[in-house]
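Heads up: the structure comes next, in structure tokens.
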Amino acid sequence: MAKNLLIVESPAKAKTINKYLGKDFTVLASYGHVRDLVPKEGAVDPDNHFAMRYALIERNEKHVDAIAKAAKSAEHLYLATDPDREGEAISWHIAEILRERGLLENRTLERVVFTEITPRAIKEAMTRPRAIAEPLVDAQQARRALDYLVGFNLSPVLWRKVQRGLSAGRVQSPALRMIVEREEEIEAFIAREYWTIEAEVAHPSQAFNSRLIKLDGKKVEQFTLTNETDAHSARDRISKAADGVLQVTDVTSKERKRRPSPPFITSTLQQEAARKLGFTTRRTMQVAQKLYEGLDIGAEGSVGLITYMRTDSVNLSQDAIVEIRDVIARDFGTRAVPDKPNAYTTKSKNAQEAHEAIRPSSALRTPASVAKYLPDDERRLYELIWKRAIASQMVPATLNTVSVDLAAGSEHSFRVSGTTVVDPGFLAVYEEGKDTKTAEDDEEGRKLPAMKTGDRLPLNRVIADQHFTEPPPRFSEASLVKTLEEYGIGRPSTYASIIATLLARKYVDLDNRRFKPTDVGRAVAKFLSAHFTQYVDYDFTAKLEDELDAVSRGEEAWVPLMERFWSPFKKLVEDKKDNIDRTDAGSVRVLGLDPKSGRQVSARIGKFGPLVQIGTSEEEEKPQFASLRPGQSIYSISLEDSLELFKLPRDLGEDKGEKVSVGIGRFGAFAKRGATYASLAKEDDPYAITLERAVELIEQKEEIARNRIIKSFEGSDIQVLNGRYGPYISDGKLNGRIPKDREPASLTLAEVTQMMADTGKPMRKGFGKKVAKKVVSKKVAKTAGEAPAKKATKSAGAATKKTAKKATKKTATKKSAAKKATKTVARKVVAKAAARPAPELDDTPF
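The sequence shown runs 1 to 846 under UniProt numbering.
Now the structure itself:
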């Protein structure tokens, strides 16, 4: 074993770096985070200076053990996890685990940081090791503790007041509020009619259209003409006054410069990748991670192609600037290189995440030179990053805008503008994308024919067009990230996880790549906005982020920050638990009275989702329920439409002597004949489906059932069955796999019995991830007058190992009994967890 051990986060990075450092180094990966808070209440103890109980993450235990084993024979240990708060925290956790196992005695342990994975950057970083940055660790711990306390205290309130299984997150919730408020703004929007008038000019060398800017001697505004009568009257007056000719009254030409955008930071990369490549934020970060960690590009082998992708700094290193300027001069000429490098100002107050913008690790690696080695996603994203970085250090583009005014008589006037590129500058490489198109965009690139004052141009015709104002658009991933960044909500590394959480919890749907809140999402947002106003307030959330940044810079202690947050938050949670009526939780909307029964009709969130209800729980007669149809919402459904829903189940008639009906159940619309249920297809409307179509679906279902059994065996419960994903074996309790090279119908009883013994698994699948089982340590706040806790008490992990050693001495019979008992306990634990689902903690980029 080598005398030097270097620890990184990912195996891809480890493989690349191992080649650079040589035989004196062993490079191992932690595979991300190695510990997390224990997944139960009490993991953060506010009464003990917010002491935090950690457990090894089960899937990474073997990697931790490998690191510990290598550390035993190494003399020098280096922690080279990512250069941000999360990476610093991972290094701290690894150091704590090694310390607890007694593996740091007589060994040096140092932290090294690099923002690109190239031989030069790695070797340079190794000459400048440092200690673990405690302020960065404290900031990450505080963020984790805040998210945990919000999740485990606020989510149960949602379970009681809105719907079981919901979750609320510290940063997720303000983002959800943002999406819901935009939806409500769209619903409340009232379109206004307006008309525009254009002149179709028949210039001898090039026809063009010009817009009306003056009517009857007055400036034309958006709502000058608001109906067809006025618009057509104005059109006719203009046509009469012009008498077939427009006269040029003014020609202006203005030259301007457009500067390039700065190189990418995390948020702008996510936005541009969404606009130009159609990538989600998560996909962008996954692809960028691969580019950063290293890909094989032929003669050079595996090399990191970009710098670290979690950053809010727009700075470039001096070496990078020199290389980029050389590439610009080589490929675009010296005229494209500015006299001095372009400098950009970082908007973030805390641009410390990686200290440099996202750029190619070497500008000499052009997209064309590496394209054949890269998968399509990696190739496209690398090209985007390379072009943006190169363009950022080029000269501005020079644009010339020409505007021409054309008179129609003495009282009316039109204007046409065109913008041409005099010198493309950086536009020869890259132009930033836009979410919406503007009038200026229409002008750009339009070259007008030569005109001068006094010219008389033929007027072909005057056109009046009707328009309606449009509501603000729903958020796309790009515009949501941009808005979150503008408000200071979240940080670069959290945007992808915020969006992923909202989608995973089904608080929002993506409709044509735009976020639309679900009814459940709206109910959660309304409830939190009404009763936990401060904690979904944009300014409050941004201020808290600023305070966490101050902790990361060592300007503020993390425990006082936690105390300021926790005391009022806990008090409010306790108050709201008992003082909010379920009908006042933003998820119940009274629609009116049922004309038949006179009972109240309401739309609400039920146990299994949105529904409408006739009657109330307080009445003696039980309420009636009906699920909503696709596209319907409890926040917009009318009384009339809600009453239509109670027409189900519908009797369609009889077939084969049995009644055929259609209805909607927990899992969607279905047709039923006797004891057979068949799901309706997406295109089938339960309110309009015919008897013939329903019978067709039922017959298909019964045909599948008849063909489900491939083979049975006398005296055995094991059957060979056709399943959704292919043939398999089952005895009603366990399911087993069939080898791909075996013909299912030819299997014998002995063969399936052996297969079941080898591959059989319980039919009832798990309810979620396994809980971590080893409590390792606590991080305890340092307070005045107290000595910091240097070592944790004897860990449960150590006890577990001793127990495991003793267990190896047990007999096979006792092992079997213990195994059965463990399974029984595990089932109970899982069942209990399913009955009370753990809240999801957001704002965690791992």
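From the three backbone atoms N, C-alpha and C, an ideal C-beta is built for every residue, glycine too. For clarity, every value in this text was computed on a predicted model and none was experimentally measured.
| query | result |
| --- | --- |
| Express the C-alpha separation of Ala-675 and Ser-716 in angstroms, rounding to a whole number. | 27 Å |
| Taking its Cβ as the centre, do 16 or more other Cβ atoms sit within 10 Å of Asn-735, making it buried, or is it exposed? | buried |
| Mind checking whether Ile-179 and Arg-235 have CB atoms under 8 Å apart? | no |
| Going by beta-carbon coordinates alone, are Arg-737 and Tyr-728 separated by less than 8 Å? | yes |
| Within 10 Å of its beta-carbon, does Pro-262 have 16 or more other beta-carbons around it, so buried, or fewer, so exposed? | buried |
| Give me, in chain order, the residues of the same chain whose beta-carbon lies closer than 6 Å to that of Leu-6; leave out the 5 immediate sequence neighbours on both sides. | Phe-25, Val-27, Tyr-78, Ala-80 |
| By Cβ distance below 6 Å, which residues in the same chain neighbour Leu-457 in space, the five residues on each side in sequence not counted? | Val-201, His-203, Leu-246 |
| Express the C-alpha separation of Val-588 and Phe-646 in angstroms, rounding to a whole number. | 18 Å |
| With a threshold of 6 Å on Cβ separation, who are the neighbours of Ser-816 within its own chain once the five nearest residues in sequence on each side are excluded? | Model confidence at Ser-816 stands at a pLDDT of 44, short of 50, so the residue's coordinates are unreliable and nothing is read from them. |
| Who are the near neighbours of Ala-569 in its chain, counting only those whose CB is closer than 8 Å to its CB and skipping five residues on each side? | First, the residue type needs correcting, since residue 569 is Phe and not Ala in the sequence shown. Leu-149, Val-150, Asn-153, Tyr-535. |
| If you compare alpha carbons, which of Ala-389, Val-370, Ala-329, Arg-380 is closest to Glu-356? | Ala-389 |
| What residue does the alpha helix (DSSP H) around Thr-284 start on, and which one ends it? | 281-293 |
| Mapping the DSSP letters down to three states, classify Ala-55 as helix, strand or coil. | strand |
| Whose C-alpha, out of Glu-683, Val-551, Leu-591, is nearest the C-alpha of Asp-641? | Leu-591 |
| Grouping DSSP H, G and I as helix and E and B as strand, with all else coil, what is Glu-105? | coil |
| Short check: CB of Ile-186 to CB of Arg-474, under 8 Å? | yes |
| Looking at the strands, I want to know which residues DSSP matches up with Asn-342. | BP columns for Asn-342 are empty, so no partner. |
| With which residues is Asp-465 paired in a DSSP beta bridge? | Thr-196 |
| Please work out which residues of its chain come closer than 8 Å, Cβ to Cβ, to Ala-821, disregarding the five sequence neighbours upstream and downstream, and give them in chain order. | Confidence at Ala-821 is low in this model, with a pLDDT of 44, below 50, so the placement of that residue should be treated as unreliable; the coordinate-derived value is given next. Answer for Ala-821: no residue qualifies. |
| Helix or strand or just coil, what does DSSP make of Glu-255? | strand |
| Any idea what DSSP makes of Ala-231, helix, strand or coil? | helix |
| Quick check on the DSSP output: the alpha helix (DSSP H) that includes Phe-426 runs from which residue to which? | Neither: Phe-426 is in no alpha helix (DSSP H) and is coded neither H nor E. |
| Pick from Gly-657, Tyr-687, Ala-705, Ala-688: whose alpha carbon is nearest that of Ala-678? | Ala-705 |
| Excluding the five sequence neighbours on either side, which residues of its own chain have a C-beta within less than 6 Å of the C-beta of Lys-790, listed in chain order? | Since pLDDT at Lys-790 reaches only 37, below the 50 mark, its modelled position is unreliable, and the value read off the structure follows with that caveat. Excluding sequence neighbours, Lys-790 sits near nothing in its chain. |
| Compare the C-alpha of Phe-515 against each of Tyr-538, Gly-488, Ala-478 and name the closest. | Ala-478 |
| What are the start and end residues of each continuous alpha helix (DSSP H) run of 4 or more residues lying completely inside the stretch 550-627, in chain order? | 558-579 |
| Can at least three beta-carbon pairs, one atom from the stretch 538-557 and one from the stretch 595-603, be found at a separation below 8 Å? | no |
| What are the uninterrupted segments assigned as beta strand (DSSP E) that are 3 or more residues long and contained completely in the stretch 514-555, given in chain order? | 514-517 |
| Per DSSP, which one or two residues make a beta bridge with Phe-208? | Val-201 |
| Tell me the start and end of each unbroken alpha helix (DSSP H) in the stretch 689-736 that is at least 4 residues and wholly inside, in chain order. | 691-706 |
| Does the Cβ of Ser-709 have 16 or more other Cβ atoms within 10 Å, making it buried, or fewer, making it exposed? | The residue you asked about is not Ser; residue 709 is Ile in the sequence shown. Exposed, because fewer than 16 other Cβ atoms sit within 10 Å of the Cβ of Ile-709. |
| In angstroms with no decimal places, state the Cα-to-Cα distance between Asp-575 and His-531. | 10 Å |
| Do you know how far the Cα of Glu-184 is from the Cα of Asp-405? | 42 Å |
| Any idea which residues DSSP pairs Asn-460 with across the strands? | Partner(s): none; Asn-460 has no beta bridge. |
| Which first and last residues belong to the alpha helix (DSSP H) in which Ser-479 is found? | 477-487 |
| In angstroms, rounded to a whole number, what distance separates the CA positions of Arg-635 and Ala-428? | For the record, residue 635 in the displayed sequence is Tyr; it is not Arg. Those two C-alpha atoms are separated by around 50 Å. |
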